[in-house]
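Quick note, the sequences are listed as chains P and F, same order. For any residue, its number in our numbering is found by taking its place in the first sequence, counting from 1, and adding 1. For any residue, its number in our numbering is found by taking its place in the second sequence, counting from 1, and adding 1. For glycine and all other residues, C-beta sits at the position ideal for the given N, C-alpha and C. On a predicted model such as this, the values are computed, not experimentally measured, just so you know. Here the structure comes first, spelled out in structure tokens, and everything after it is commentary.
2 protein chains.
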Amino acid sequence: MSLVRVHNFSISLDGFGTGEGQTLEAPFGHAGHRLMAWAFGTRTFRAMGLPGDTEASFGVDESFASQWAPGIGAEIMGRNKFSPHRGPHDDEWTGWWGDDPVFHTPVVVLTHHPRPVLEMEGGTTFHFVDADPATALAKARELAGDLDVRIGGGVSTVRQFLEADLIDHLHVVVVPIVLGRGERLWDGLEALEDRFDIESTPSPSGVTHLILSRRPRA
Amino acid sequence: MSLVRVHNFSISLDGFGTGEGQTLEAPFGHAGHRLMAWAFGTRTFRAMGLPGDTEASFGVDESFASQWAPGIGAEIMGRNKFSPHRGPHDDEWTGWWGDDPVFHTPVVVLTHHPRPVLEMEGGTTFHFVDADPATALAKARELAGDLDVRIGGGVSTVRQFLEADLIDHLHVVVVPIVLGRGERLWDGLEALEDRFDIESTPSPSGVTHLILSRRPRA
Numbered sequence: 002m003s004l005v006r007v008h009n010f011s012i013s014l015d016g017f018g019t020g021e022g023q024t025l026e027a028p029f030g031h032a033g034h035r036l037m038a039w040a041f042g043t044r045t046f047r048a049m050g051l052p053g054d055t056e057a058s059f060g061v062d063e064s065f066a067s068q069w070a071p072g073i074g075a076e077i078m079g080r081n082k083f084s085p086h087r088g089p090h091d092d093e094w095t096g097w098w099g100d101d102p103v104f105h106t107p108v109v110v111l112t113h114h115p116r117p118v119l120e121m122e123g124g125t126t127f128h129f130v131d132a133d134p135a136t137a138l139a140k141a142r143e144l145a146g147d148l149d150v151r152i153g154g155g156v157s158t159v160r161q162f163l164e165a166d167l168i169d170h171l172h173v174v175v176v177p178i179v180l181g182r183g184e185r186l187w188d189g190l191e192a193l194e195d196r197f198d199i200e201s202t203p204s205p206s207g208v209t210h211l212i213l214s215r216r217p218r219a
Numbered sequence: 002m003s004l005v006r007v008h009n010f011s012i013s014l015d016g017f018g019t020g021e022g023q024t025l026e027a028p029f030g031h032a033g034h035r036l037m038a039w040a041f042g043t044r045t046f047r048a049m050g051l052p053g054d055t056e057a058s059f060g061v062d063e064s065f066a067s068q069w070a071p072g073i074g075a076e077i078m079g080r081n082k083f084s085p086h087r088g089p090h091d092d093e094w095t096g097w098w099g100d101d102p103v104f105h106t107p108v109v110v111l112t113h114h115p116r117p118v119l120e121m122e123g124g125t126t127f128h129f130v131d132a133d134p135a136t137a138l139a140k141a142r143e144l145a146g147d148l149d150v151r152i153g154g155g156v157s158t159v160r161q162f163l164e165a166d167l168i169d170h171l172h173v174v175v176v177p178i179v180l181g182r183g184e185r186l187w188d189g190l191e192a193l194e195d196r197f198d199i200e201s202t203p204s205p206s207g208v209t210h211l212i213l214s215r216r217p218r219a
């Protein structure tokens, strides 16, 4: 069976995966770019067009970041990752990622509002699906062929898939900032450690990479 | 000026420094011993009489744990660290630590309920003080002579001293468990990283040691 994976999912020291007040200009709300700043120095994110002040490197951060794409056949994302809008779709909006989005695979967008399939350049297709996590995963697996499925976020999407025990590999990046408000990743997940082995690796950039690996199911 | 230090302060992945429901039998509530289990393998905690299944070692955990006592002239602790009772003191209660407590220094216990100084064996004296953090710190500094003052917890006590910007050195141990409920350390401390440098070191035991060092004050 293909795996369900989360990569490069950043949270603050106090557990927030996004700040308060998402807008078109501030996809992470008051967190600004701070949750993803560690990634700006990596080759993987530079290749996606992200800005950076320093030389891209092959260090710890890149080693983790680069796991994002290989072996992935489809992504599932929440509506709030796809768009700053709420309610019915604005059909002019085709995501934050330009004409040739970084995904290059089918992407299942979870939404209560129907919209036709959106074909982009470079192999990305957005499929708008109103479904619970297990049903959405079945759809994504169908689109992914034999490859793995990535849960792309945002926070509540990752949390729902964790609650439903559908995730095999979870890479969390703990950024040493205290956001104070926003959306928390770990809420409602008491005793998660009973299901996962947890490994911690600090980076010279200041972040700590956590790898949660689902223990074999009985 | 002597430093104000916090050592060996354990929190869960989701930021809880204690669980729900403190009782005489369960000082950390539903968290049980899980937040302090990393310390049971260290020489420092064995010397305090803590149990352990494995050989005490000189590894990463011990290196951090052993910083707890040297240079400390007094501790400040909250009422809930001293006792499971609430309201007026039960004068029969002399702490969780037996006749010869592990502190061997004066200890300022923050409480709204007066009680005479309690002299224990081995140099520990408990001073019951109804005061704000700055006033309690002045009292502890007086008792500590030229030595440093340790803030011993619990969670709300450490948080109050952080809010009042009175802490110079904060050692937090992140334990890879998700408690889900209890008392959170980071609440109300948005942008703490503006005041502290933060360093992260993982241990083979699975915990991650965070050192927060107060930047020089202007």
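Asked, Found
"Evaluate F:Val118 with the Cβ neighbour count: other Cβ atoms within 10 Å of its Cβ, from every protein chain shown; 16 or more gives buried, anything less gives exposed.", "exposed"
"List, in chain order, every chain F residue whose beta-carbon is nearer than 8 Å to that of P:Pro205.", "Correct list: empty, because the minimum Cβ distance to chain F is about 10 Å."
"Buried or exposed for F:Pro115, please, with buried defined as at least 16 other CB atoms from any protein chain shown within 10 angstroms of its CB.", "exposed"
"Grouping DSSP H, G and I as helix and E and B as strand, with all else coil, what is P:Arg80?", "helix"
"Please report the distance separating the alpha-carbon of P:Gly79 from that of F:Val109.", "50 Å"
"Would you tell me roughly how many angstroms separate the C-alpha atoms of F:Thr112 and F:Asp131, rounded to the nearest one?", "5 Å"
"Is P:Trp187 close to chain F? Criterion is C-beta to C-beta, closer than 9 Å.", "yes"
"Does any C-beta atom of chain F lie closer than 9 Å to the C-beta of P:Asp15?", "yes"
"Confirm, please, whether the CB-CB distance from F:Thr95 to P:Thr209 is below 9 Å.", "no"
"Would you check if the distance between the CB atom of F:Pro102 and the CB atom of F:Pro28 is smaller than 9 Å?", "no"
"What in chain F is Cβ-close to P:Thr209, meaning under 9 Å?", "Val175, Ser201, Pro203, Thr209, Leu211"
"Give me the Cβ distance between F:Phe197 and F:Arg216, rounded to the nearest whole Å; I'm assuming they're in contact under 8 Å.", "7 Å"
"In chain F, what lies closer than 7 Å to P:Ile178 by C-beta?", "Glu194"
"Would you decide whether F:Arg87 is buried or exposed? Buried here means 16 or more other CB atoms lie within 10 Å of its CB.", "exposed"
"Please classify F:Trp39 as buried or exposed, where buried requires at least 16 other C-beta atoms within 10 Å of its C-beta.", "buried"
"Determine the direct distance from the alpha carbon of P:Leu193 to that of P:Val7, and round the result to whole angstroms.", "15 Å"
"Identify every run of the beta strand (DSSP E) within the stretch 129-169 of chain P, keeping only runs that are complete inside it and at least 3 residues long; order them along the chain.", "149-154"
"Since F:Leu190 meets chain P, which of its residues come closer than 8 Å, beta carbon to beta carbon?", "Asp15, Val179, Gly181"
"How would you call F:Ala165, buried or exposed, if buried means at least 16 neighbouring beta carbons within 10 angstroms?", "exposed"
"Find out if the Cβ-Cβ distance for the pair F:Trp69, F:Arg151 is shorter than 9 Å.", "yes"
"When DSSP builds the beta bridges, which residues end up paired with P:Ser13?", "P:Val176"
"Based on DSSP bridge pairs, tell me the residues matched to P:Phe127.", "P:Val108, P:Leu119"
"Under 9 Å, do P:His170 and P:Phe10 count as touching if we go by C-beta distance?", "no"
"Quick check on this structure: which residue in F:Val159, F:Ile73, F:Ile178, F:His90 has the alpha carbon closest to the alpha carbon of F:Leu4?", "F:Ile73"
"Once DSSP output is grouped into helix, strand and coil, what is the label at F:Phe1?", "The requested residue 1 of chain F does not occur in the structure, where chain F is confined to residues 2 to 219."
"With a CB to CB cut of under 7 Å and the five nearest residues on each side skipped, what residues in its chain are close to F:Phe1?", "The first residue shown for chain F is 2 and the last is 219, placing residue 1 of chain F beyond what the model contains."
"What three-state label does DSSP hand P:Phe197 in the structure shown?", "strand"
"Span of the beta strand (DSSP E) holding P:Arg215?", "209-215"
"Do P:Phe17 and P:Leu211 count as a contact pair if the criterion is CB distance below 9 Å?", "no"
"Mind checking F:Leu144: buried by the 16 CB within 10 Å criterion, or exposed?", "buried"
"Buried or exposed: P:Asp15, going by 16 or more other Cβ atoms within 10 Å of its Cβ?", "buried"
"Would you tell me roughly how many angstroms separate the C-alpha atoms of F:Ile12 and F:Val156, rounded to the nearest one?", "9 Å"
"Using CA atoms only, rank isn't needed, just tell me which of F:Glu21, F:Gln23, F:Met37, F:Ser67 is closest to F:Gly174.", "It is worth fixing the name first, because residue 174 of chain F is Val in this sequence and not Gly. Nearest C-alpha to F:Val174: F:Met37."
"Just to confirm my understanding: we take F:Pro31, look at its own chain, exclude 5 residues before and 5 after, and list those with CB closer than 7 Å. What are they?", "Sequence inspection shows His at residue 31 of chain F; the Pro mentioned does not correspond to that position. Cβ neighbours of F:His31 beyond the five flanking positions: Gly20, Glu21, Gly22."
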